[in-house]
Every structure is written in C-alpha cells, then in structure tokens.
Amino acid sequence: MNVSQLLVFQRTLLWIVPRVDRTITQWEKNLLARFPIVKKFIRRSLYWSREALVLSFVYRWSLRFINQALVISNLEREIKDVELRRKVTATWDFESKCSSCNKSNSIVTRDGQTHPVDIIVRATGFEAQQFALPIYGIDGCALAEQWSDTMKAYRAMTEPNFPNLFVLLGPKSRLGHSSVTIMLEAQLKYITEALLYTFENSLGSIEIKDGS
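Here numbering that gives the first Met the number 0 is used: the first residue of the sequence shown is 0, the next is one more, and so on.
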C-alpha cells in the first residue's frame, strides 16, 4: 500500500477519574455477613450514586462540576511537577466531549488547522473489537464474520446461527461508570432461565430468531 503522506496525531487529553477502590477489612466483612440488610443498603447506595453520576453528565447538573474538582484534586496529588501537570490536564469541561461532532473525513488540531484525510487509523496497538477465540455456528458460520460490520446480539448475549451460545458482557453491555457485576447477574439469570426451559422441554438446543 503506497501512502503519499502520513500524519500522526496524539489524541486529545482525557480526564482521569480516580479509582474508588480499597481493601475491605475483616471487620467490615463480618458486619456484612452478619447483617445482610446492611449489605443490601450499601449495594443499592453505590448503584444509585453511579447512576446519578451518569445523569449529571447528560443533564449538566452541578454534580458534574464537583466531579471535575475531585479529578483535578486527584491529579494535583498524583503529579507534583507543576509543568508536567499542566501538560496532562485537559482544557475542556469534564464530560463535555460527549456532544462533540466527529467526522471521518478530517482531523482538526488544537491550532484550528484542518487536515483532510482519506483514512483515519486508530492505532491502539491491539485488536479490541474481535473475539480472541474463534467461534463457529451453523454451516460453519463464524461469529467474527457475522460481527464484522456491526457487533450486536439479543440482550447482548445470543446471536442467530449460534445455538446454545451465550456471551457474557457481549456487545453494548459493558459499563463505564459502575460495576459489571450488575450486568453479569442479570445475564446469568437470563441464561439460567433459558437453560431450564431447554431441559424442562427436552430440547437439544435453543437459538434466537434472526431479526430479534
């Protein structure tokens, strides 16, 4: 492949949200084991706090600006070098990039210069969109080929031409703001019910219809 000109761009700086993660103490484990209602309360509180976070992005609540202040505070704590911190700090409002217009025919740099291009290659360094494990269904149909144009699945788990195949955390089911445990629990419940239906009705396989 002959290329007359190749331009390499560094992507726009991102806001890095600190991980709210810590080791659960043995005392806390004992408390949660002894009082399940406390565990349920904490679980639901965490869930709804994460949901409120996403709504703040969409509707531009004041919570969004509080989150930005927390992110900046974390950046100041992690990077002591003032000049380096300035270079890695995003200049756009927290989560405002969701409404940006993305076009496939050009790149606009910080200085406002537009670079028309024929192809934009996102060089991530690895293949992020395909299954690492080859999966084949009816008549040798490959899942990678069926998903080559658009990755989609019924309830993010099942796909026509692949009987008895259930995919956990399939297309469009992964979360970026909360725990995937919630998604896994819902999907496992669906899979369990589907398998029970198969066994109770003496069926050899179960498959979603095309177009579902």
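Quick reminder that beta carbons are idealized off the backbone N, C-alpha and C, glycines included.
Opening and closing residue of the alpha helix (DSSP H) in which residue i lies
i, result
"Val87", "Val81 to Val87"
"Gln186", "Val179 to Glu199"
"Glu27", "Gln25 to Arg33"
Cβ-Cβ separation, residue j to residue i (assumed contact under 8 Å), whole Å
i, j, result
"Pro235", "Lys151", "Not covered by the structure: residue 235. The range shown for the chain is 0 to 211."
"Thr88", "Leu12", "7 Å"
"Pro162", "Ser204", "4 Å"
"Ser105", "Val116", "6 Å"
"Ile181", "Tyr58", "Actually they do not touch by this definition, with Cβ atoms about 22 Å apart."
"Phe8", "Thr108", "7 Å"
"Val179", "Leu168", "6 Å"
Distance CB(residue i)-CB(residue j) smaller than 7 Å
i, j, result
"Tyr135", "Ala141", "yes"
"Leu6", "His176", "no"
"Pro17", "Asn66", "no"
"Ser55", "Arg49", "no"
"Ile190", "Phe165", "yes"
"Trp14", "Val70", "yes"
"Arg85", "Ile78", "no"
Inter-stretch contact (C-beta, 8 Å, three-pair minimum) for the segment 150-160 and the segment 177-191: Contact holds: three or more Cβ-Cβ distances are below 8 Å.
In chain order, which beta strand (DSSP E) runs of at least 3 residues are fully inside the segment 105-152? With a minimum length of 3 residues, the continuous beta strand (DSSP E) runs that stay inside the segment 105-152 are 105-107 and 113-115.
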